Structure formats: structure tokens, C-alpha cells
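I have placed the structure first, in the form of C-alpha cells, so that the comments after it can refer back to it.
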Amino acid sequence: MKLTLDLHDIYNRGGDIDRALRGVIAEAVAKKAPLVEIIPGKGSGALKKRVLRFLDLPEIKAQYHRVEKDSKNFGRVFVHFRWK
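Numbered per the working numbering, the sequence shown finishes at 284, counting up by one with no gaps.
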């Protein structure tokens, strides 16, 4: 199971972005999903940087295993979870 979060619709609303990111991480933890795909889009890269800064927060970082930036598509970030 893979969860997907597309940020195209809310790219300019900071509070909504944070809520959406927290929501998808919480959903992944609740459903024990192995992978979350976050799509900030290609644009200037500011939204992708914001997503990466969010994922670097200590309380968020403790919940996932690793982050992978898609080498074939600059506008995607994968968050991998490891469940025991």
C-alpha cells in the first residue's frame, strides 16, 4: 500500500501544507503503510525544500525510516517506513 499526497492544489497556503503533511504521516503510521509519495511539483523547488525541512523535524523524523528523492522526477519525494 502506498499513500500519495499531491501538494499542487495548496502550494501557496502554508498552514494547509503543514496540516496535509502531518495528516499523511499520521495516516501512514495508523495504517502501517510502507511508503508515502509526496508530490510538491517541479516549480522553483521552494515547496520541495519546505517538505524536506518538515520531514527533518525531530518529532516527524522519529516516525519514518528514510527519505528518498526521486532521481527520475525532481518533483517527487518518497518517505519509507519500516514496521516490525
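We treat Cβ as the ideally placed atom computed from N, Cα and C, and that holds for glycine.
These figures come from a predicted structure and were not determined experimentally.
| Asked | Found |
| --- | --- |
| P240 classed as buried or exposed, judged by whether at least 16 other C-beta atoms fall within 10 angstroms | buried |
| M217 - containing alpha helix (DSSP H), residue span | For the sequence presented, residue 217 should be read as Ile rather than Met. 214-231 is the span of the alpha helix (DSSP H), which, as asked, contains I217. |
| Coarse secondary structure for R266, derived from DSSP in three states | strand |
| Span of the alpha helix (DSSP H), counted from its first residue to its last, around L203 | Per DSSP, L203 belongs to no alpha helix (DSSP H); it is in the beta strand (DSSP E), 202-206. |
| Straight-line gap, Q263 to L255 (C-alpha atoms, nearest Å) | 10 Å |
| N- and C-terminal bounds of the alpha helix (DSSP H) containing F254 | 246-255 |
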